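Numbering (this note's numbering), first residue to last: 657 to 854.
Idealized CB from N, CA, C, for every residue including glycine.
Only a predicted model underlies this, so the values are computations on that prediction, with no experimental measurement involved.
Below is one structure; the comments refer to it alone.
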């Protein structure tokens, strides 16, 4: 489904194969003697047939198909007091463009590592206040779906990295606010933001 994760069995081999989806490398991980491709789908993926291209160690290439089905995410209407967050001015748009390039660079990083963390901890204790994939309406205007999960907690609540990784970028972003981007291995990136106020 859009925003979901596809797990595709690639078979057994002494060396890990490589796989690409839409031209980008995807995570390959072993389990019980078999290799698997882990493919994250964007929230704007349309229902239909897709495929990954797999290259095995002997040079053999195969294409493996999978099907994306539709999913109706919750719609979340929000009233935003800071109207610039809904209708940015010219200077805001320039900042947003610069930050979008930075975020894209962080999220498309692919680091070669022998293993990857998959057992993530919550970054903080608190109440989940908003779910991934919510279709957001800001001041009666449709905007991009929510691509994270919000945890509401008191200001000053400690936050932690959910798993071992390397900080690859951080900053105060126009839409995200204070953000830390962490690389957890081949194709697994995570951003941690300070918790919302109660």
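Can you say whether residue 776 is buried or exposed, counting buried as having 16 or more other CB atoms within 10 angstroms of its CB?
exposed
Closer than 7 Å by C-beta to residue 680: which residues in its own chain qualify, once you throw out the five before and the five after it? Chain order, please.
These residues qualify, in order along the chain: 764.
Find out if the Cβ-Cβ distance for the pair residue 790, residue 806 is shorter than 7 Å.
Against a cut-off of 7 Å, the Cβ pair of residue 806 and residue 790 comes out as no contact.
Using the DSSP secondary-structure output, state which residues sit across from residue 734 in a beta bridge.
Per DSSP, the beta-bridge partners of residue 734 are 794.
Considering only residues of the same chain and omitting the five flanking positions on each side of residue 671, which have a CB-CB separation below 6 Å?
713
So the alpha helix (DSSP H) residue 755 belongs to, where does it begin and stop?
746-763
Suppose contacts are defined by Cβ-Cβ distances below 7 Å. Is residue 838 in contact with residue 817 by that definition?
yes
Note the first and the last residue of the continuous beta strand (DSSP E) segment covering residue 678.
Premise fails: residue 678 is in no beta strand (DSSP E) and is neither H nor E.
Please name the residue, chosen from 729, 696, 737, 833, that lies closest to residue 792 on a Cα-to-Cα basis.
729
What is the rounded straight-line gap between the Cα of residue 780 and the Cα of residue 717?
43 Å
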